[in-house]
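For the sequence shown, our numbering assigns the number 306 to the last residue and increments by one with no breaks. Have a look at the structure below, then the notes.
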Amino acid sequence: MNEQLKKYIDKWSLHNGILTSFDVDLRIFTYFGIGGKADVFFCPTNLLQVQKCIELCTIHHINPKILGKGSNLLITKSQIPIVIYTKELCSYTINKNTITAQSGVSLPIIVRKAISSGLSLEKLTGIPGTLGGAVYGNSGTKWNNQLYAIGDYVEEIVAVSFDDASITKLSRADLHFKYRKSNLQSRFIFEVKLRISQGTPHKLIDSWKKFARKKSTSQPYKYKSAGCIFRNPPHIEAWKLIRQAKLCEFSAGDIVISSQHANFIVNKGNGSAKEVLEVISNIQKRIYEEFGLHLVLEIQIW
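Next up, the structure:
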(Lines of atoms letter the chains of each structure in order from A and count residues from 1; the text may use other names and numbers.)
(Lines give C-alpha, C1' and ligand atoms only; values in the text may rest on other atoms or scores of the structure.)
Protein backbone atom coordinates (compact mmCIF):
# COMPACT_ATOMS: atom_id res chain seq x y z
CA MET A 1 0.00 0.00 0.00
CA ASN A 2 1.39 3.39 -0.91
CA GLU A 3 2.14 6.00 1.73
CA GLN A 4 -0.38 8.48 0.31
CA LEU A 5 -3.26 6.06 0.91
CA LYS A 6 -1.96 5.30 4.41
CA LYS A 7 -1.97 9.01 5.25
CA TYR A 8 -5.51 9.33 3.93
CA ILE A 9 -6.65 6.33 6.01
CA ASP A 10 -4.95 7.76 9.09
CA LYS A 11 -6.99 10.98 8.80
CA TRP A 12 -10.12 9.04 7.86
CA SER A 13 -9.86 6.76 10.91
CA LEU A 14 -9.37 9.72 13.26
CA HIS A 15 -12.45 11.41 11.77
CA ASN A 16 -14.51 8.23 12.27
CA GLY A 17 -13.11 7.39 15.71
CA ILE A 18 -11.81 3.98 14.60
CA LEU A 19 -8.71 2.65 16.35
CA THR A 20 -6.19 2.07 13.56
CA SER A 21 -2.56 0.92 13.48
CA PHE A 22 -0.11 0.63 10.63
CA ASP A 23 2.56 -1.92 9.66
CA VAL A 24 1.42 -4.37 12.33
CA ASP A 25 3.35 -7.62 12.82
CA LEU A 26 0.72 -10.35 12.53
CA ARG A 27 2.80 -13.19 14.00
CA ILE A 28 1.65 -12.38 17.53
CA PHE A 29 -2.00 -12.63 16.46
CA THR A 30 -1.86 -16.23 15.22
CA TYR A 31 -1.64 -19.56 17.04
CA PHE A 32 0.99 -20.67 14.52
CA GLY A 33 3.21 -17.70 15.38
CA ILE A 34 3.71 -17.14 11.65
CA GLY A 35 2.75 -14.14 9.53
CA GLY A 36 3.70 -11.01 7.66
CA LYS A 37 2.55 -7.46 8.31
CA ALA A 38 -0.76 -5.65 7.98
CA ASP A 39 -0.39 -2.32 6.20
CA VAL A 40 -3.59 -1.15 7.94
CA PHE A 41 -5.03 -2.77 11.07
CA PHE A 42 -8.55 -1.66 12.02
CA CYS A 43 -10.02 -2.44 15.43
CA PRO A 44 -13.73 -1.44 15.26
CA THR A 45 -15.90 -1.38 18.38
CA ASN A 46 -19.42 -1.35 16.92
CA LEU A 47 -21.52 -2.14 13.85
CA LEU A 48 -21.28 1.35 12.36
CA GLN A 49 -17.48 1.27 12.54
CA VAL A 50 -17.41 -2.15 10.88
CA GLN A 51 -19.61 -0.81 8.10
CA LYS A 52 -17.34 2.25 7.67
CA CYS A 53 -14.25 0.01 7.39
CA ILE A 54 -15.87 -2.14 4.72
CA GLU A 55 -17.14 0.92 2.84
CA LEU A 56 -13.58 2.21 2.70
CA CYS A 57 -12.37 -1.12 1.36
CA THR A 58 -15.01 -1.21 -1.37
CA ILE A 59 -14.17 2.34 -2.48
CA HIS A 60 -10.49 1.45 -2.81
CA HIS A 61 -11.11 -2.05 -4.22
CA ILE A 62 -9.35 -3.80 -1.35
CA ASN A 63 -10.46 -7.16 0.00
CA PRO A 64 -10.11 -6.93 3.79
CA LYS A 65 -9.03 -9.88 5.88
CA ILE A 66 -10.97 -10.58 9.08
CA LEU A 67 -8.92 -11.58 12.09
CA GLY A 68 -10.27 -13.10 15.28
CA LYS A 69 -8.03 -15.24 17.48
CA GLY A 70 -5.94 -16.49 14.55
CA SER A 71 -6.48 -20.06 15.72
CA ASN A 72 -7.25 -21.58 12.32
CA LEU A 73 -5.01 -19.46 10.14
CA LEU A 74 -1.75 -19.62 8.21
CA ILE A 75 -0.47 -16.30 6.87
CA THR A 76 1.80 -16.85 3.88
CA LYS A 77 1.95 -13.32 2.47
CA SER A 78 4.50 -10.80 3.67
CA GLN A 79 2.05 -7.88 3.34
CA ILE A 80 -1.72 -7.78 3.91
CA PRO A 81 -3.30 -4.46 2.82
CA ILE A 82 -6.13 -4.24 5.38
CA VAL A 83 -7.00 -6.39 8.40
CA ILE A 84 -10.16 -5.89 10.45
CA TYR A 85 -9.55 -7.19 13.98
CA THR A 86 -12.63 -8.32 15.94
CA LYS A 87 -11.21 -8.29 19.47
CA GLU A 88 -13.37 -5.38 20.67
CA LEU A 89 -16.59 -6.91 19.31
CA CYS A 90 -17.02 -8.97 22.44
CA SER A 91 -20.38 -8.31 24.10
CA TYR A 92 -23.03 -10.97 24.64
CA THR A 93 -26.35 -11.52 26.42
CA ILE A 94 -28.10 -14.65 27.62
CA ASN A 95 -31.89 -14.73 27.64
CA LYS A 96 -33.58 -18.00 28.61
CA ASN A 97 -32.39 -20.47 25.96
CA THR A 98 -30.76 -18.00 23.57
CA ILE A 99 -27.36 -16.33 23.47
CA THR A 100 -26.84 -13.24 21.34
CA ALA A 101 -23.17 -12.40 20.92
CA GLN A 102 -20.88 -10.28 18.79
CA SER A 103 -18.49 -12.12 16.52
CA GLY A 104 -15.29 -11.37 18.42
CA VAL A 105 -16.36 -13.18 21.59
CA SER A 106 -14.23 -16.21 22.44
CA LEU A 107 -16.14 -19.41 21.63
CA PRO A 108 -14.77 -21.21 24.73
CA ILE A 109 -16.20 -18.37 26.86
CA ILE A 110 -19.60 -18.73 25.18
CA VAL A 111 -19.51 -22.50 25.80
CA ARG A 112 -18.67 -22.06 29.49
CA LYS A 113 -21.28 -19.33 30.01
CA ALA A 114 -23.91 -21.46 28.27
CA ILE A 115 -23.17 -24.47 30.46
CA SER A 116 -23.23 -22.43 33.67
CA SER A 117 -26.64 -21.11 32.56
CA GLY A 118 -27.99 -24.62 32.01
CA LEU A 119 -27.71 -24.53 28.21
CA SER A 120 -26.42 -27.61 26.39
CA LEU A 121 -23.47 -26.36 24.35
CA GLU A 122 -20.92 -28.70 25.94
CA LYS A 123 -20.38 -30.66 22.71
CA LEU A 124 -18.46 -27.67 21.30
CA THR A 125 -15.88 -27.86 24.08
CA GLY A 126 -12.28 -27.55 22.97
CA ILE A 127 -12.88 -25.46 19.84
CA PRO A 128 -10.64 -22.38 20.05
CA GLY A 129 -11.10 -19.03 18.36
CA THR A 130 -14.00 -16.61 18.13
CA LEU A 131 -17.71 -17.18 17.68
CA GLY A 132 -17.61 -15.39 14.30
CA GLY A 133 -14.77 -17.54 13.00
CA ALA A 134 -16.50 -20.70 14.19
CA VAL A 135 -19.76 -19.78 12.44
CA TYR A 136 -17.93 -18.77 9.25
CA GLY A 137 -16.31 -22.22 8.99
CA ASN A 138 -19.07 -24.14 10.78
CA SER A 139 -16.57 -25.47 13.32
CA GLY A 140 -17.46 -28.63 15.14
CA THR A 141 -16.39 -31.73 16.99
CA LYS A 142 -16.98 -35.46 16.96
CA TRP A 143 -18.12 -37.32 20.02
CA ASN A 144 -19.22 -40.97 20.17
CA ASN A 145 -19.19 -41.08 16.33
CA GLN A 146 -21.65 -38.18 16.16
CA LEU A 147 -20.76 -34.85 14.50
CA TYR A 148 -21.71 -31.61 16.23
CA ALA A 149 -21.24 -28.15 14.71
CA ILE A 150 -21.90 -24.54 15.66
CA GLY A 151 -24.26 -24.18 12.70
CA ASP A 152 -26.71 -26.52 14.43
CA TYR A 153 -27.41 -23.79 16.98
CA VAL A 154 -27.43 -20.63 14.84
CA GLU A 155 -30.82 -18.95 14.55
CA GLU A 156 -29.98 -15.49 13.25
CA ILE A 157 -27.01 -13.44 12.09
CA VAL A 158 -26.38 -9.73 11.58
CA ALA A 159 -23.82 -9.31 8.80
CA VAL A 160 -22.20 -6.66 6.62
CA SER A 161 -21.76 -7.36 2.90
CA PHE A 162 -18.24 -7.12 1.51
CA ASP A 163 -19.77 -6.13 -1.83
CA ASP A 164 -21.55 -2.91 -0.85
CA ALA A 165 -21.25 -2.62 2.98
CA SER A 166 -24.99 -3.13 3.42
CA ILE A 167 -26.20 -4.48 6.75
CA THR A 168 -28.44 -7.54 6.63
CA LYS A 169 -30.21 -9.67 9.21
CA LEU A 170 -30.16 -13.30 8.10
CA SER A 171 -32.66 -15.80 9.49
CA ARG A 172 -32.15 -19.53 9.81
CA ALA A 173 -33.82 -20.01 6.42
CA ASP A 174 -31.16 -17.77 4.80
CA LEU A 175 -28.27 -19.76 6.23
CA HIS A 176 -26.77 -22.91 4.76
CA PHE A 177 -24.30 -24.93 6.78
CA LYS A 178 -22.38 -27.97 5.60
CA TYR A 179 -19.38 -29.81 6.99
CA ARG A 180 -16.87 -27.02 7.76
CA LYS A 181 -18.70 -24.66 5.39
CA SER A 182 -21.23 -21.85 5.45
CA ASN A 183 -22.69 -19.48 2.87
CA LEU A 184 -21.20 -16.47 4.66
CA GLN A 185 -17.98 -16.02 2.67
CA SER A 186 -19.12 -12.69 1.20
CA ARG A 187 -20.12 -11.19 4.54
CA PHE A 188 -18.61 -9.87 7.74
CA ILE A 189 -20.36 -11.67 10.60
CA PHE A 190 -21.11 -9.03 13.24
CA GLU A 191 -23.58 -10.70 15.60
CA VAL A 192 -24.89 -14.23 16.09
CA LYS A 193 -27.99 -15.48 17.87
CA LEU A 194 -27.80 -19.06 19.13
CA ARG A 195 -30.77 -21.15 20.26
CA ILE A 196 -29.69 -23.89 22.65
CA SER A 197 -31.62 -26.64 24.38
CA GLN A 198 -31.70 -26.60 28.16
CA GLY A 199 -30.15 -29.21 30.39
CA THR A 200 -29.27 -29.99 33.98
CA PRO A 201 -26.29 -27.82 35.00
CA HIS A 202 -24.35 -30.46 36.95
CA LYS A 203 -24.74 -33.00 34.14
CA LEU A 204 -23.63 -30.42 31.57
CA ILE A 205 -20.57 -29.57 33.66
CA ASP A 206 -19.67 -33.29 33.97
CA SER A 207 -19.93 -33.68 30.18
CA TRP A 208 -17.91 -30.50 29.62
CA LYS A 209 -15.12 -31.82 31.88
CA LYS A 210 -15.14 -35.15 30.01
CA PHE A 211 -14.87 -33.40 26.64
CA ALA A 212 -12.10 -31.11 27.95
CA ARG A 213 -10.07 -34.04 29.31
CA LYS A 214 -10.33 -35.91 26.01
CA LYS A 215 -9.20 -32.86 24.02
CA SER A 216 -6.29 -32.08 26.34
CA THR A 217 -4.90 -35.62 26.14
CA SER A 218 -5.35 -36.07 22.39
CA GLN A 219 -4.13 -32.74 21.01
CA PRO A 220 -0.67 -31.08 21.15
CA TYR A 221 -1.53 -27.94 23.12
CA LYS A 222 2.12 -27.62 24.19
CA TYR A 223 3.15 -26.31 20.75
CA LYS A 224 2.08 -23.56 18.37
CA SER A 225 -0.40 -24.86 15.79
CA ALA A 226 -3.54 -23.94 13.87
CA GLY A 227 -5.57 -26.96 14.95
CA CYS A 228 -6.66 -29.60 12.46
CA ILE A 229 -5.08 -28.87 9.09
CA PHE A 230 -7.38 -30.98 6.89
CA ARG A 231 -11.07 -31.70 6.72
CA ASN A 232 -12.00 -35.32 7.23
CA PRO A 233 -12.84 -37.17 4.01
CA PRO A 234 -16.10 -39.17 4.01
CA HIS A 235 -16.05 -42.21 6.32
CA ILE A 236 -12.51 -41.78 7.67
CA GLU A 237 -10.63 -39.25 9.75
CA ALA A 238 -7.69 -37.42 8.20
CA TRP A 239 -5.38 -38.15 11.13
CA LYS A 240 -5.84 -41.90 10.60
CA LEU A 241 -4.82 -41.62 6.94
CA ILE A 242 -1.75 -39.56 7.84
CA ARG A 243 -0.74 -42.06 10.53
CA GLN A 244 -1.33 -45.04 8.21
CA ALA A 245 0.92 -43.35 5.64
CA LYS A 246 3.63 -43.25 8.34
CA LEU A 247 3.96 -39.49 8.14
CA CYS A 248 3.98 -38.75 11.87
CA GLU A 249 6.90 -36.52 12.81
CA PHE A 250 7.68 -35.74 9.16
CA SER A 251 9.20 -32.27 9.26
CA ALA A 252 10.52 -29.28 7.36
CA GLY A 253 12.69 -27.12 9.57
CA ASP A 254 10.83 -26.40 12.80
CA ILE A 255 7.49 -27.45 11.31
CA VAL A 256 6.53 -31.00 12.32
CA ILE A 257 3.53 -33.33 11.98
CA SER A 258 2.45 -34.02 15.55
CA SER A 259 2.96 -37.56 16.85
CA GLN A 260 0.12 -36.92 19.32
CA HIS A 261 -2.49 -35.98 16.68
CA ALA A 262 -1.43 -36.53 13.07
CA ASN A 263 -3.83 -33.89 11.68
CA PHE A 264 -1.96 -31.20 13.62
CA ILE A 265 1.14 -29.53 12.22
CA VAL A 266 3.10 -27.82 14.98
CA ASN A 267 5.68 -25.06 15.03
CA LYS A 268 8.41 -26.14 17.44
CA GLY A 269 10.44 -22.96 17.06
CA ASN A 270 10.74 -20.40 14.30
CA GLY A 271 9.05 -22.25 11.48
CA SER A 272 8.02 -20.40 8.33
CA ALA A 273 4.91 -20.41 6.17
CA LYS A 274 6.98 -21.92 3.35
CA GLU A 275 7.86 -24.88 5.59
CA VAL A 276 4.23 -25.36 6.62
CA LEU A 277 3.17 -25.41 2.95
CA GLU A 278 5.93 -27.92 2.21
CA VAL A 279 4.65 -30.27 4.90
CA ILE A 280 1.04 -29.83 3.73
CA SER A 281 2.03 -30.56 0.13
CA ASN A 282 3.92 -33.71 1.13
CA ILE A 283 0.95 -34.98 3.14
CA GLN A 284 -1.50 -34.38 0.29
CA LYS A 285 0.81 -36.03 -2.23
CA ARG A 286 1.40 -39.13 -0.07
CA ILE A 287 -2.26 -39.59 0.84
CA TYR A 288 -3.28 -39.36 -2.81
CA GLU A 289 -0.57 -41.85 -3.84
CA GLU A 290 -1.49 -44.37 -1.15
CA PHE A 291 -5.26 -43.98 -0.84
CA GLY A 292 -6.41 -42.05 -3.93
CA LEU A 293 -7.90 -39.31 -1.73
CA HIS A 294 -7.49 -35.53 -1.94
CA LEU A 295 -7.19 -33.99 1.52
CA VAL A 296 -8.92 -30.58 1.62
CA LEU A 297 -7.56 -27.87 3.88
CA GLU A 298 -9.59 -26.91 6.94
CA ILE A 299 -7.36 -23.99 7.91
CA GLN A 300 -7.65 -20.57 6.29
CA ILE A 301 -4.66 -19.39 4.25
CA TRP A 302 -3.92 -15.73 3.56
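Even glycine gets a Cβ: it sits at the ideal position worked out from N, Cα and C. Fair warning: this is a prediction, and the values are worked out from it, not measured in the lab.
Asked: Within the continuous beta strand (DSSP E) that includes Q106, where are the two ends?; Found: T102 to Q106
Asked: Within this structure, are the beta carbons of L125 and I119 separated by less than 8 angstroms?; Found: yes
Asked: So, are the CB atoms of L198 and T102 less than 8 angstroms apart?; Found: yes
Asked: Along the chain, where does the alpha helix (DSSP H) that runs through L299 open and close?; Found: Segment: none, L299 is in no alpha helix (DSSP H) and carries neither H nor E.
Asked: With a CB to CB cut of under 7 angstroms and the five nearest residues on each side skipped, what residues in its chain are close to I79?; Found: L30, T34, I38, G39, G40, A277 and W306
Asked: Under a Cβ-count criterion, where at least 16 other Cβ atoms within 10 Å of its own Cβ denotes burial, should P132 be classed as buried or exposed?; Found: buried
Asked: Are the beta-carbon atoms of N354 and K56 separated by less than 8 angstroms?; Found: Here the chain comprises residues numbered 5 to 306, so residue 354 is not present and cannot be evaluated.
Asked: State the DSSP-derived secondary structure class of N286, mapped to helix, strand or coil.; Found: helix
Asked: Just to confirm the assignment: which complete beta strand (DSSP E) runs, minimum length 3, are found wholly within the region 166-196?; Found: 171-175
Asked: For A138, which residues in the same chain have their Cβ closer than 7 angstroms to its Cβ, ignoring the five residues on either side in sequence?; Found: L111, I131 and I154
Asked: Where does R235 fall in DSSP's three states?; Found: coil
Asked: Is the CB-CB distance between V280 and I269 below 8 angstroms?; Found: yes
Asked: I'd like to know whether the C-beta of Q83 is nearer than 8 angstroms to at least one C-beta of chain B.; Found: Among the chains of the structure shown, chain B does not appear; only one protein chain is present.
Asked: Taking only the alpha-carbon atoms, compute the straight-line gap between T104 and Q248 and give it to the nearest angstrom.; Found: 43 angstroms
Asked: For I233, which option in K11, C47 and Q304 has the closest C-alpha, if you only look at C-alpha atoms?; Found: Q304
Asked: Suppose the cutoff is 6 angstroms on Cβ atoms and the five residues either side in sequence are ignored; what does the same chain contact list for S82 look like?; Found: G40
Asked: If contacts are defined as beta-carbon pairs under 8 angstroms, then E159 and R176 qualify, I think. What distance do you get, rounded to the angstrom?; Found: 5 angstroms
Asked: State yes or no: is the C-beta of A230 within less than 8 angstroms of the C-beta of F46?; Found: no
Asked: On the DSSP letters alone, give me the boundaries of the beta strand (DSSP E) that S207 sits inside.; Found: Note on residue identity: the sequence assigns Lys, not Ser, to residue 207. First-last for K207: P205 to S222, but that is the alpha helix (DSSP H), not the beta strand (DSSP E).
Asked: If you check the beta carbons only, do P237 and H265 fall under 8 angstroms apart?; Found: no
Asked: Strictly by DSSP, which residues pair up with R199?; Found: T102
Asked: Could you round the C-beta distance between F192 and V54 to whole angstroms and report it? I think they count as a contact, below 8 angstroms.; Found: 6 angstroms
Asked: Just curious, the alpha helix (DSSP H) that N20 is in, first and last residue?; Found: E7 to N20
Asked: Between the Cα of E59 and the Cα atoms of L135, I13 and K127, which residue gives the shortest distance?; Found: I13
Asked: Is S120 helix, strand or coil by DSSP?; Found: helix
Asked: Considering just the uninterrupted stretch of the alpha helix (DSSP H) at L135, what are its terminal residues?; Found: L135 to Y140
Asked: Thinking just about the alpha-carbon of each residue, which of K146, S121 and S255 is nearest to the one in K272?; Found: S255
Asked: Within 10 angstroms of the Cβ of Q106, are there 16 or more other Cβ atoms? Answer buried if so, exposed if not.; Found: buried
Asked: State the CB to CB distance for the pair G136 and T90, rounded to an integer number of angstroms; the pair is presumed to be in contact (CB under 8 angstroms).; Found: 6 angstroms
Asked: Thinking just about the alpha-carbon of each residue, which of N274, S263 and D43 is nearest to the one in W243?; Found: S263
Asked: Kindly indicate which three-state DSSP category C61 falls into: helix, strand or coil?; Found: helix
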